[in-house]
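The block underneath contains the structure these notes are about, expressed in structure tokens.
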Amino acid sequence: MARLDGKVALLSGAARGIGGETAKLMAQAGAKVVIGDLLDDAGRATAAAINASGGIADYVHLDVTKEDDWTAAINLATSRHGKLDILVNNAGVFIGKGIEEISMAEWNLLVAVNMTGVFLGTKMCAPALRESAKNSEHGSAIVNLASIAGIVGSQLDPLYSMTKGGVTLFTKSTALEFSRKGYRIRCNSIHPGVIETDMGAQTFVARAQRTGSNDPNVSRKTVLDTVPWGRLGVANDIAKGIVFLASDDAGYMTGAGLVVDGGMTAT
Ligand SMILES: NC(=O)c1ccc[n+]([C@@H]2O[C@H](COP(=O)([O-])OP(=O)(O)OC[C@H]3O[C@@H](n4cnc5c(N)ncnc54)[C@H](O)[C@@H]3O)[C@@H](O)[C@H]2O)c1
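Number 267 marks the last residue of the sequence shown (the numbering used here); no jumps.
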């Protein structure tokens, strides 16, 4: 696995799921991690588990839609560890409703977390990432959680797809703007297929409701049948890709998207 020795990482939405697994892998790879989330009990438990197994982790309450929360999270990372090398914009929400069914409140929540959260994290962390990049041969790194729904259209989840499409292109634009400014902050996205997390389970429930089967196991099987590799993804599949993109092994990658989907978008 790629190494992150001496690096300091801030991960949003990392109390559980893909973010939680990434925090664990990053700590195993030698990074000091700061876990931000809304789920305080789960976030503290994830940090405690990392510390108990010899890693270094802190938890901070971080609502990615709030500037003050970002300031507190960045202050925790820099006051504890003196710098910030890696930002993982992982927090996200899923609402599996169609164009004609979704309410304005639901749409505003999707945009606030999945898009404003990524923009704010990038903006607020840029000064610290830029500073630490001065002392690193391969610069600092941002990894954004997009989705295969941010590369191809989604007939069942069009609004979620719209937010992830935004993340896909914002990643490329961030890479270009920060390169133009000479910040030496690499910015890449990762595009998971269907991953077995709480959000993965939510997608099966939503699909079951919308296709009329009302049985999440039926929609799970329907999705599974579309995965060429023959299994659904797990958080560890995605965490490995994030660790790579955050590491110096990806030192010549910026503005790129790493697809980890068992071949779903190869067809
Ligand atoms: N699971 C999948 O199939 C899948 C596929 C493609 C992309 N993704 C993306 O991967 C990322 C992680 O998803 P996951 O599957 O681990 O889901 P998850 O629901 O298990 O985890 C998401 C985390 O984000 C947190 N969160 C939600 N709103 C927040 C906010 N305002 N501020 C801070 N944290 C907040 C949640 O509390 C939760 O801990 C998301 O961006 C998601 O869109 C997931």
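C-beta: ideal position from N, C-alpha, C; glycine also.
Own chain, CB closer than 7 Å to residue i, minus 5 neighbours either side, in chain order
{"i": "T168", "result": "A146, G150, I151, S189, G257"}
{"i": "S179", "result": "T254"}
{"i": "G212", "result": "none"}
{"i": "T78", "result": "L84, A128"}
Separation of residue j from residue i, as counted between CA atoms
{"i": "F204", "j": "S219", "result": "6 Å"}
{"i": "G230", "j": "S154", "result": "21 Å"}
{"i": "M162", "j": "L38", "result": "23 Å"}
{"i": "H138", "j": "A47", "result": "28 Å"}
{"i": "A31", "j": "K24", "result": "9 Å"}
{"i": "W70", "j": "V60", "result": "10 Å"}
{"i": "R130", "j": "K221", "result": "45 Å"}
Counterpart residues of residue i in DSSP-defined beta bridges
{"i": "V234", "result": "According to DSSP, which records beta bridges pairwise, V234 is partnered with nothing at all."}
{"i": "D41", "result": "Its beta-bridge partners do not exist; DSSP assigns none."}
{"i": "K32", "result": "V8, I56"}
{"i": "N144", "result": "N89, S189"}
{"i": "G257", "result": "S189"}
Closest Cα partner of residue i within the set the options
{"i": "G6", "options": "M199, V64, A246, T46", "result": "A246"}
{"i": "E101", "options": "R210, G262, V260", "result": "R210"}
{"i": "K66", "options": "G36, V88, S53", "result": "G36"}
{"i": "S12", "options": "A47, E21, V64", "result": "V64"}
{"i": "V259", "options": "G82, G241, K172", "result": "G241"}
{"i": "S173", "options": "G55, N75, R16, T122", "result": "T122"}
{"i": "D157", "options": "W107, A141, S132, F170", "result": "W107"}
{"i": "V143", "options": "L62, A126, V194, S136", "result": "A126"}
{"i": "L109", "options": "D198, L159, L87, T222", "result": "L159"}
{"i": "D41", "options": "I56, G55, A27, L62", "result": "L62"}
{"i": "L87", "options": "R44, S140, G98, M104", "result": "S140"}
Sequence-distant residues of the same chain with beta carbon closer than 8 Å to residue i, five excluded per side
{"i": "A29", "result": "M1, A2, R3, L4, D5, V243, S247"}
{"i": "P192", "result": "I18, L145, S147, I148, G233, D237, I238, V260, D261"}
{"i": "G82", "result": "V8"}
Spatial neighbours of residue i in its chain, beta-carbon cut-off 6 Å, leaving aside the 5 residues before and after
{"i": "M115", "result": "T163, G166"}
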